[in-house]
Structures are given as structure tokens and as C-alpha cells.
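*Asks:* Please find one structure pasted underneath; my questions will follow.
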Amino acid sequence: MRTEHAAPRVTAAADIAHRVGPIACILAGVILVWYAAAVWLNAAQVIDRFKADARPWTARTLVDATWSMERPVLPAPHQIAQNFYETVFDTPVESKRSLIYHAGVTVSATLLGFVFGTLLGILLAAGIVHSPVLDRSLLPWIIASQTVPILAIAPMVVVVLGSLGFVGLFPKAVISMYLCFFPVTIGMVKGLRSPDPLQLDLMRTYSARAAQVLWKLRWPAAIDFLFASLKVAIATSLVGAIVGELPTGAQAGLGARLLSGSYYGQTIQIWSALIMAALIGVGLVALVDVAERLVARQMGRPA
Amino acid sequence: MNPPALRGTALLLMLAALWLPAGANGWLGSPGALASALASTVCAAAGVRRWNRVGELGLSLSAVLVGSAAPLILLGTPGPFGTAAPGIWLYLAGWALLLWSALSMLSGLPQRGAGALAAPAAFGVALLYLWQVLVAGFSVPQVLLPAPSQVGHILLTRLDILWLDFRQTFLKAVLSGYAMGCASGFLVAVLADRVSFLKRGLLPLSGLVSAVPIVGIAPILVMWFGFDWQSKAAVVVVVTFFPMLVNTLAGLTAADAMQRDLMHSYAASYVQTLTKLRLPAALPFVFNALKINSTLGLIAAIVAEFFGSPILGLGFRISAEVARLNVDVVWAVIAIAALAGSMFYGVIAVVERACTFWHPSYRA
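Heads up: the sequence lines are chains A and B, in that order.
For the first sequence, my numbering gives the first residue as 740, with consecutive numbering after it.
For the second sequence, my numbering gives the first residue as 721, with consecutive numbering after it.
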């Protein structure tokens, strides 16, 4: 009994090592290269300063200086970690210097846009699945709408909506919505069409109405597609919210943080905002993943 | 509703609209508009009974085309429009029903060649027309939404500047960045496929990167590579690298076990199996990445220009003209970018068709 239990445990440990090992190696490699690149990219400025101060310098002082500059070309990882820690944990949350505050602003716009975009996407998909005219004439334009660089005009949308009196969350959410609805529509059109003809025929023999077919057959069949699309949609929604914060009018949010960092050469600030954005992105996708598992369990499917 | 019923309802709406106010002169004051509206109602009335398919298509199309002139003519006359001219809007509602009936006839055409393009093309033109009429009718401020005619005017008169912007952003930054990003993503994928250690490390990380707003590195790359197109190309490289990596890796597993066994039984080397079986099998995935990247790259380059650029480029033009509230120029730039993006996508789709003609999705 005992050995039978032990055997899978060993393979589980080996499995984790097998999976985590390569990732850890590559991450370690990235960090090493990063430190080296920080020396290489920052050296020129540091040497200039040493020369200006007429100070003697050795390789050791040079490396130390490149890893502790105030406005480096490439900050060293520990500088970013330190700034991230300070602005997240050591700053009051309501302060404008707190990264949590800026992240909160961005996340609320992201979620609002995500909800609207998902609803719009599902509505469009339902229309397209039920009307051959919409399928033939609207669907090609929805695909073409992806080639409109909406991210590129996001700042303009914000300015224009702002001049109409819409400020704050709403303009950013509009941009997130425009980016979100596309993957949801495409995924749901596929999903709502995924029931096979036999199942649709069965519904017809029950003389089910279109609404009943939609609700009892098409919708449950589309759930997998819905969640796959939602994962893409929430990540693009975050990008939309960040880009919506780029115009100078925006006072808060990760995008405003990126832009002000780029204006004042505060590279450390840019990187810690980026790390925050990355963490939020991963966290939001993980949330959708959790929701998917919960729904799958509710529907009685193996998660 | 079936098309004849649609045309019948449209007929009633349009006839009712003729009795409602439409501007200072009204319907009787502008004979051109009245003639167009009446001609359209005649076509609609003829379409209330069933004809053969060609007849119905012809009737609904001519009703739509002839009827589209009336609102434009009316909006050229003096007078308060908007909510003060319900005649125009009721007429337009009827016209939209006629359009719907025409679209349903068009989408019943055989879906090959021009037949497949007819319905979406008609829908696009109709959208532009409705945009024009609504913007003019409700006198929407130009800052909010310029009419398509204004955008078209800018496109014609300022083509020289816009061409320079296009060359800076698309021909220099996007194309070079796209080529480098896709090529390096492809090569790294082939390498990672050979070295499974690399694959196990890279795949989860690129999953992570896909959740990260990569556009955020634009300010950093602009700082490193300067304001000119090189920094935008660098952003495009980073943005296009990961989709290509992930898709190519997925594609390299697409050849099934039987086919690999066959290559094995031929004593084919790794390189032979790669070039003769696995890379061709991966082509649909590679083209998928190329298509995704075609639009991603353009958007990334434009956004990167917001963080600093020389005094030309599509992104620069957008931010500069937004600041001066010249929204019509901005829309002209958007039209150019959308057109360039669609054509880029279309070219890749055509090449894909030629290269992966064997794939089931093209054999139907």
C-alpha cells in the first residue's frame, strides 16, 4: 500500500521539477543578461560623470554605479524591485505616488470595458447566428474593424469624449469595450454554431422555438468558446485601458504613469508600472480561468 | 419578415414620411427629392408581390439606389433639420428596410467570387451613406465626428503629407520590424522545437507575455533607439515575436504520428523531416501568426509614435491633429491605416491560399 502511494508522489515531484526547471533557468538567464545589459547600456553615462568629477574609477566602482543610477538607461532588476516594493507597500494607498492607487484606476476601467464589451460581443454573435443577412453583410466588417488601429485613436476618443463632458472612467472603458467585443463575437459565433446538426434536429423535433434552442442548446455548447475568448478579451481590455490613459489629460492610471515616466526620464518608474501591468494582466486572466473552472463544475463537467 | 413584406412596410413608412415636415421648404419645395422618393416608392410598391430572384434583386436595389438621393437633396435645402424634420428620418427608416431586403437578396447570391463580396460591399457603402446623412442631418459638430465627405476631401487634398506619414510609419517601421520579428520568432520556434528544454521554458513564459500589455515597452524602446523609425521597428519586433513563436511551436506538432513514422521508415534525417513534412504542415499556423501580426504591428508602430517621433508618421499626425482639434485629418489617417492594415492582411491571405492550397479549409 505504502509503496503504491509513494510512487506517484515521486513522479509528481519529478514532474514539477521537469516543468519548473526550464522556466527557472530561462528566468535566471534573463536576469543575468539584464544585469550585464544594465552595465553595458549605462556605462557611457557613468564614465562621463566620473570624468566630469575627475574621480578615479575601477571596474568595481563602475559596475556599482551602473546598478544604482537615479535615471538609468536600463535599471537593474533590484532597483525596479525596490521601487515596486516602495510604491506598493510603503506608500499610503490614496497617495498619488502609490502604484496600488494607479493600478486601481486602470483595473476599474478595464473591468467596466470588459463587461460592456462581453455583452456587446455576445449580442452581436447571437444576431449573426440567427440572421443570414447579418452573417453575410456584418461579419466581414466586424473582422475588418480589427484592422482599424483603434488603439492608435484611443487618445483621440478620450479627448473627444472629454470635450463632451465624459471624463474619468467612461472614455477608457469605451476603448476597452471596442477591443473586447471582437474576440468575444468571433468566439461566440463559432461557439453558438458548435452544436452538431443531430442535436439541432432533435430540438426541431421537440418544436423548440429559436429562443429555446439558443438558451437550452447553443448557449451551453458555447461556454467553452466563451471562456477562451474572455481570456483574450480581458487581456486586450487591459491594454485598451492603459492606452486610453496615455493622453496628457489623464492624471491617474498605469498609462499616465508610463507617460509621465517617459517625459521625465524616470525609467525605474516606467519599469515598475510595467511590472504592475504584467501582474494585473496575469491576475485577470487567472481570474477568468478560475471562473471557467467554477462554471465547468456547476455544469457537471470535469474541470 | 420576408423581403416582399419588408418592401411593403418600407413603402408605408416612406409614403407616411412624405406628409411630415422635412426642412423649411418641405418635400414639395424640392422637386428633386420628391422625384427620388416617389421613384423609390414605385420600385418598393412593385416589389410587394413576388417576382423571380433577379427581378426582386433588381427592384430592391433600384429602390435603395434611387431613394438614397432624397435625404441628400433635402439636406442641401435651408431649414432646421434634426428633430425638427421627422419626415427625413421616417423616410430613412423606410429606406433602411429597403436596404435590408436588398441585403437579404444579395446574401442569397451564390457565395463565390463577386457574389461573396456583394453583400458586405453594399453594407459598407450603406454605412458610409447613413453616417453622412446622420452627421449632416443632426449637424454633429465636426470635432465629434466629421462626415465621410469631409474625410474624403482631406484624403484628396493632403495626400502628399499623408503619403510621407505612411512611408515613415508603414514602409519603414512596420515592414522592417514585421520582417525581423516574424523571422526571429520563427527561427527561435524551430530551435525550441529541437531543444525541448528551451521549449518547456519558453512556452509558459510566452503565455505569460501574451497577458502583458507589450505596448507599454514603447517608451523604453523609444528612449533606447531614438525618435526615428528604428525605435518603432523595435517595438514591432517585440510585439510580433511572441505570436509567431507560439503559433510556429504549435504548428510543428501538427504533422501526425503516422506521417512521422513514414518519414522514419524512409530513414529521413531530422532536417529532411523538418523541411519536407513538419514545416509544410506548420504553414497554416505560421500564416495565422503572420495575419495576426499584420494588424498588431501597425497598431504598435502607431502607438509607439505617441512617445516621441520626428515630425512625420501616422501616429505623430494623429496626436498633433488631435491637439489642434482637426478631427477630419485624424479620421483620414485612420482610414489610411485601416486600408493599409486590410490590404496587408489581404496580401498575406492571398499568399496563404497559394502556399497552403492542400489544407482542408481551402479544398471544400
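By construction, the Cβ of each residue, glycine as well, lies at the ideal position given by its N, Cα and C atoms.
Please tell me whether B:Ser904 has its Cβ less than 9 Å away from any Cβ of chain A.
*Replies:* Not a single C-beta of chain A is nearer than 9 Å to the C-beta of B:Ser904.
*Asks:* Between the segment 882–890 of chain A and the segment 853–861 of chain B, are three or more C-beta pairs nearer than 8 Å?
*Replies:* no
*Asks:* Within a Cβ cutoff of 6 Å, which residues of the same chain sit near B:Gly728, ignoring the five residues on either side of it in sequence?
*Replies:* Val768
*Asks:* Tell me whether the beta-carbon of A:Val868 lies closer than 9 Å to the beta-carbon of A:Val923.
*Replies:* no
*Asks:* Counting only runs of 3+ residues fully inside the segment 844–893 of chain B, write out the beta strand (DSSP E) ranges in chain order.
*Replies:* none
*Asks:* Does chain A have any CB closer than 9 Å to the CB of B:Val1050?
*Replies:* yes
*Asks:* In its own chain, which residues sit with a C-beta less than 7 Å from the C-beta of A:Pro910, not counting the 5 before and 5 after it?
*Replies:* Val896, Val897, Leu900, Gly901 and Gly983
*Asks:* Measuring only the C-alpha atoms, how far is A:Ala1035 from B:Ala742?
*Replies:* When rounded, the separation of the alpha-carbon atoms in A:Ala1035 and B:Ala742 is 57 Å.
*Asks:* Under 8 Å: do the segment 991–998 of chain B and the segment 1063–1079 of chain B share three or more Cβ pairs, one atom per stretch?
*Replies:* Taking a contact to require three or more Cβ pairs closer than 8 Å, the segment 991–998 of chain B and the segment 1063–1079 of chain B do not qualify as touching.
*Asks:* When the Cα of B:Val863 is compared with those of B:Ala1055, B:Val1042 and B:Thr1076, which residue comes out closest?
*Replies:* B:Val1042
*Asks:* Alpha carbon to alpha carbon, how far is A:Gly930 from A:Ile1019?
*Replies:* 28 Å
*Asks:* Please tell me whether B:Ser750 and B:Val786 are closer than 9 Å, where the distance is taken between their beta carbons.
*Replies:* Remark: C-beta atoms of B:Ser750 and B:Val786 do not approach each other more closely than 9 Å.
*Asks:* For a test of the three-state rule: what should DSSP assign to A:Lys1043, helix, strand or coil?
*Replies:* The requested residue 1043 of chain A is not part of the displayed model; chain A covers only 740 to 1042.
*Asks:* Alpha carbon to alpha carbon, how far is B:Gly1033 from B:Phe1026?
*Replies:* Straight-line Cα distance between these residues: approximately 10 Å.
*Asks:* Compare the Cα-Cα distances from A:Leu819 to each of A:Gly852, A:Ala1030 and A:Ile770 and report the closest residue.
*Replies:* The sequence shown places Ile at residue 819 of chain A, rather than the Leu named in the question. It is A:Ile770 whose Cα lies nearest to the Cα of A:Ile819.
*Asks:* Looking at the C-beta of A:Trp880, does it have a partner C-beta in chain B at a distance below 9 Å?
*Replies:* yes
*Asks:* Just mark A:Phe921 as buried or exposed, buried being the case when its beta carbon has 16 or more other beta carbons within 10 Å.
*Replies:* buried
*Asks:* Using the Cα positions of B:His1079 and A:Arg943, report the straight-line distance between them to the nearest angstrom.
*Replies:* 34 Å
*Asks:* Please list, in chain order, all residues of the same chain as A:Arg741 whose beta carbon is under 6 Å from its beta carbon, the five residues on each side excluded.
*Replies:* The predicted position of A:Arg741 is uncertain, since its pLDDT is 46 and thus under 50; no value can be drawn from it.
*Asks:* Taking the straight line between their C-alpha atoms, what separation do you get for B:Trp771 and B:Ala816?
*Replies:* 21 Å
*Asks:* With a 10 Å radius around its C-beta and 16 neighbouring C-beta atoms as the bar for buried, classify A:Glu833 as buried or exposed.
*Replies:* exposed
*Asks:* Distance, Cα to Cα, A:Thr1006 vs A:Ser807?
*Replies:* 12 Å
*Asks:* Run the CB neighbour count on B:Ser916, radius 10 Å, all protein chains shown included, and call it buried at 16 or more, exposed below.
*Replies:* exposed
*Asks:* Check the C-beta distance from B:Ala953 over to B:Ser896 and give it rounded, since I have them as a contact under 8 Å.
*Replies:* 5 Å between Cβ atoms; contact.
*Asks:* If we count Cβ pairs, one from each stretch, closer than 8 Å, do we get three or more for the segment 968–983 of chain B versus the segment 1000–1008 of chain B?
*Replies:* yes
*Asks:* Could you please give the first and the last residue of the uninterrupted alpha helix (DSSP H) stretch that includes B:Arg832?
*Replies:* Here B:Arg832 belongs to no alpha helix (DSSP H), and DSSP marks it neither H nor E.
*Asks:* Between the Cα of A:Ala804 and the Cα atoms of A:Val778, A:Leu997 and A:Gly1004, which residue gives the shortest distance?
*Replies:* Comparing alpha-carbon positions, the option among A:Val778, A:Leu997 and A:Gly1004 lying closest to A:Ala804 turns out to be A:Val778.
*Asks:* Would you report the Cα separation of B:Val942 and B:Gln950, rounded to the nearest angstrom?
*Replies:* 9 Å
*Asks:* Assuming A:Ser968 contacts A:Gly852 under a Cβ cut-off of 8 Å, what Cβ separation, rounded to an integer in Å, is found between them?
*Replies:* About 15 Å separates the two Cβ atoms, so there is no contact after all.
*Asks:* What is the C-beta distance between B:Ser788 and B:Cys763, in whole angstroms, given that I count them as a contact (C-beta under 8 Å)?
*Replies:* Actually they do not touch by this definition, with Cβ atoms about 12 Å apart.
*Asks:* Applying a beta-carbon distance threshold of less than 8 Å, which residues of chain B neighbour A:Met895?
*Replies:* Ile1038, Val1042, Val1047 and Val1050
*Asks:* In whole angstroms, what is the alpha-carbon distance linking B:Pro830 and B:Pro924?
*Replies:* Spanning the two alpha carbons is a distance of roughly 45 Å.
*Asks:* Ignore the nearest five residues each way along the sequence and tell me which others in B:Ile1012's own chain have a CB closer than 6 Å to its CB.
*Replies:* Annotation for B:Ile1012: Pro963 place their beta carbon closer than 6 Å to its own, counting only its chain and skipping 5 residues before and after.
*Asks:* Run the CB neighbour count on A:Leu937, radius 10 Å, all protein chains shown included, and call it buried at 16 or more, exposed below.
*Replies:* exposed
*Asks:* Taking B:Trp1078 as the query, report the chain A residues whose CB atoms sit under 8 Å from its CB, ordered along the chain.
*Replies:* Within 8 Å Cβ-Cβ: nothing; B:Trp1078 doesn't reach chain A, min ~23 Å.
*Asks:* Can you list, in chain order, the residues of its chain whose CB lies under 7 Å from that of A:Ala1030, leaving out five sequence neighbours each side?
*Replies:* Correct list: empty, nothing qualifies.
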